[in-house]
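S.K.:
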Amino acid sequence: MTVRSAWLLTNGQTREDTRLTPVGTYAPESEMRTRDGVIAGGNPFAATGAGAMSLQIGVGRAQVQGTDAQGAYPVTVDAPVTLTFADGEAQFARIDSVALRVYDQLFDQEGQNLAAVVIVRGTGSATPTAPTLPSACLRLWDVTVPAGASAGVGGINWNSALADRRRFTSAYGGIIPRGYGLAFNGAYDGQYRDTGTGLERWNATDNAWKQYPATPTRPITTEQAADPPLNQTGAFVDFTAAAWPRLTFTVPPSGAVFLTIGGQVSNRTTAASTAWMTWRATGAYTEAHGGRNGISAQGGRVIASRRVYRSGLTPGGQVTLIPGWNISSGSSGGTDVFVLNGQITVEFVP
Numbered sequence: 000m001t002v003r004s005a006w007l008l009t010n011g012q013t014r015e016d017t018r019l020t021p022v023g024t025y026a027p028e029s030e031m032r033t034r035d036g037v038i039a040g041g042n043p044f045a046a047t048g049a050g051a052m053s054l055q056i057g058v059g060r061a062q063v064q065g066t067d068a069q070g071a072y073p074v075t076v077d078a079p080v081t082l083t084f085a086d087g088e089a090q091f092a093r094i095d096s097v098a099l100r101v102y103d104q105l106f107d108q109e110g111q112n113l114a115a116v117v118i119v120r121g122t123g124s125a126t127p128t129a130p131t132l133p134s135a136c137l138r139l140w141d142v143t144v145p146a147g148a149s150a151g152v153g154g155i156n157w158n159s160a161l162a163d164r165r166r167f168t169s170a171y172g173g174i175i176p177r178g179y180g181l182a183f184n185g186a187y188d189g190q191y192r193d194t195g196t197g198l199e200r201w202n203a204t205d206n207a208w209k210q211y212p213a214t215p216t217r218p219i220t221t222e223q224a225a226d227p228p229l230n231q232t233g234a235f236v237d238f239t240a241a242a243w244p245r246l247t248f249t250v251p252p253s254g255a256v257f258l259t260i261g262g263q264v265s266n267r268t269t270a271a272s273t274a275w276m277t278w279r280a281t282g283a284y285t286e287a288h289g290g291r292n293g294i295s296a297q298g299g300r301v302i303a304s305r306r307v308y309r310s311g312l313t314p315g316g317q318v319t320l321i322p323g324w325n326i327s328s329g330s331s332g333g334t335d336v337f338v339l340n341g342q343i344t345v346e347f348v349p
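When we follow numbering that gives the first Met the number 0, the leftmost residue of the sequence shown carries the number 0, and every step to the right adds one.
1) Along the chain, which unbroken stretches of the beta strand (DSSP E) at least 3 residues long are found entirely within the segment 64-145?
2) From the DSSP output, which residues share a beta bridge with Ala222?
3) Within the segment 256-329, note down every full beta strand (DSSP E) run reaching 3 residues or more, in order along the chain.
4) Under 6 Å Cβ to Cβ from Gly316, same chain only, skipping five residues before and after it: list those, please.
5) According to the neighbour-count rule (16 or more other Cβ atoms, all chains shown, within 10 Å of its Cβ), is Ile38 buried or exposed?
6) Return the first residue and the last residue of the beta strand (DSSP E) that Arg14 is part of.
7) Which of helix, strand or coil does DSSP assign to Ala162?
8) Excluding the five sequence neighbours on either side, which residues of its own chain have a C-beta within less than 6 Å of the C-beta of Ala255, listed in chain order?
9) Select from Ala270, Gly48, Leu82, Gly110 the residue whose C-alpha is nearest the C-alpha of Ala98.
10) Ignore the nearest five residues each way along the sequence and tell me which others in Thr277's own chain have a CB closer than 6 Å to its CB.
11) Are the CB atoms of Asn266 and Ala240 within a distance shorter than 7 Å?
12) Please name the residue in Tyr191, Phe44, Pro73 whose C-alpha comes closest to that of Leu19.
13) Along the chain, where does the beta strand (DSSP E) that runs through Val37 open and close?
14) Would Glu199 be called buried (16 or more neighbouring beta carbons within 10 Å of its own) or exposed?
15) With a Cβ-Cβ cutoff of 7 Å, do Val264 and Val301 count as a contact?
16) According to DSSP, simplified to helix, strand and coil, what is Trp208?
17) Taking the C-alpha atoms as reference points, what is the distance between Thr175 and Ala207?
18) Taking Ala242 as the reference, give the member of Leu258, Glu222, Thr9 with the closest Cα.
19) Could you check what DSSP says for Trp157 in three-state terms: helix, strand or coil?
20) Which of the three DSSP states is assigned to Ser253 in this structure?
21) Measuring CB to CB, does Asp205 end up less than 7 Å from Val144?
22) Whether or not the segment 25-36 and the segment 121-132 are in contact is what I'm after, with contact meaning three or more pairs of Cβ atoms, one per stretch, closer than 8 Å; do they touch?
23) Which whole-angstrom value describes the C-beta separation of Ile219 and Leu246, a residue pair presumed to lie in contact below a C-beta threshold of 8 Å?
24) Looking at C-alpha atoms only, which residue of Ala115, Asn325, Arg279 is the closest neighbour of Ile343?
25) Classify Leu7: buried if its beta carbon has 16 or more other beta carbons within 10 angstroms, exposed otherwise.
26) If you check the beta carbons only, do Pro79 and Gly59 fall under 7 Å apart?
27) Could you have a look at Thr1 and say whether DSSP puts it in helix, strand or coil?
28) Which residues in the same chain have their Cβ closer than 7 Å to the Cβ of Phe167, if we skip the five residues on either side of it in sequence?
29) Which stretch, first to last residue, makes up the beta strand (DSSP E) that contains Ser331?
30) Looking only at its own chain, which residues have a Cβ that is under 6 Å from the Cβ of Gly185, when we skip the five neighbours before and after it?
31) Here's a check: name, in chain order, each residue in its chain whose Cβ is nearer than 7 Å to the Cβ of Gly180, leaving out the five neighbours to either side.
32) From Ser169 to Ala85, what does the alpha carbon distance come to, in whole angstroms?
33) Return the CA-CA distance between Gly195 and Asp163, expressed in angstroms with no decimal places.
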């Protein structure tokens, strides 16, 4: 048997059906619905061109949700399946969908109990869209069929025609792997999902996914990449983004951070000459360049760092730190005046 489903056949299921299909309690979508999707592991239901108009779908396992009354069907494809697409429309392209479909004669009019990998044909259009799927059907891939395509006339370019629509599911309490689309709500407070770059936790009170952990576990930094021109005196000047990249961070729930700037500055033009390395903040919190957030030297050279505490910031707000410099006199090109080796670090307070 190539495509198996447990708890479907009227005369029972084999022991192989029970062992191979993903039987168990999976992530919910509501009180009675299971989040359908592919079971992660390897490259399930991989799509490979098998001819001008033919596509091979690889092995894999999934949960396919029907109506609330039907429940979810565990499905396994234990051998590759080859599908052949109908020729393209005369004038317009269309989008067909490759899907896992469960036929259940207790709930549909198809007259059979069967799980299958099928093609759901779309409609030709100047702006084609994927077809609407029937109940108990899980979309795996969308395939763009060009106008006039056939086995004898070009066929389908499998390098560009395939759009991955596999979404994933997991066992109850598990982390939902990243798949196609993140536009779905959580089902319960404390549910987790992988976004591809980190974890999010469902907050039922706010009805939203929240970054987890809310406070990054490591400080973030930006380092000076090039010397400033030192072509102005008596004013604070922003570094260019190329010379010293800006640093943007999200304010943690505590609304508090430690900000550290360090490096070496020098101005030996006169005994009273000064040089500064500073930062300023924009966005959800603003603060200008100045003595409260910089290091300086007068009539000599200083290697130092300065760590300051900022609280009362708006949690979740985006703040950008922009490095800056200031010299009171002199210019670049010698060893007396410089602003070098800068680094800015943000530490998040729990």
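The beta-carbon is built from N, C-alpha and C at its ideal position, and this holds for glycine as well.
M.R.: Checking against the coordinates, here is how it stands:
1) 71-76, 80-83, 93-102, 113-119, 136-144
2) One point to set straight first is that residue 222 is Glu, not Ala, in the sequence displayed. Answer is Gln342, bridged to Glu222.
3) 256-266, 273-282, 293-297, 299-309, 317-326
4) Val250, Ala283
5) buried
6) Note, Arg14: premise wrong, no beta strand (DSSP E); alpha helix (DSSP H) at 14-19.
7) strand
8) Ser310, Val348
9) Leu82
10) His288, Asn292, Gly293, Gly323
11) no
12) Pro73
13) 36-38
14) buried
15) yes
16) strand
17) One detail in the question is off: residue 175 reads as Ile in this sequence, not Thr. About 16 Å.
18) Glu222
19) helix
20) coil
21) no
22) no
23) 7 Å
24) Arg279
25) buried
26) no
27) coil
28) Gly36, Val37, Ala39, Ile175, Pro176, Gly178
29) Segment: none, Ser331 is in no beta strand (DSSP E) and carries neither H nor E.
30) Trp201
31) Arg166
32) 34 Å
33) 15 Å
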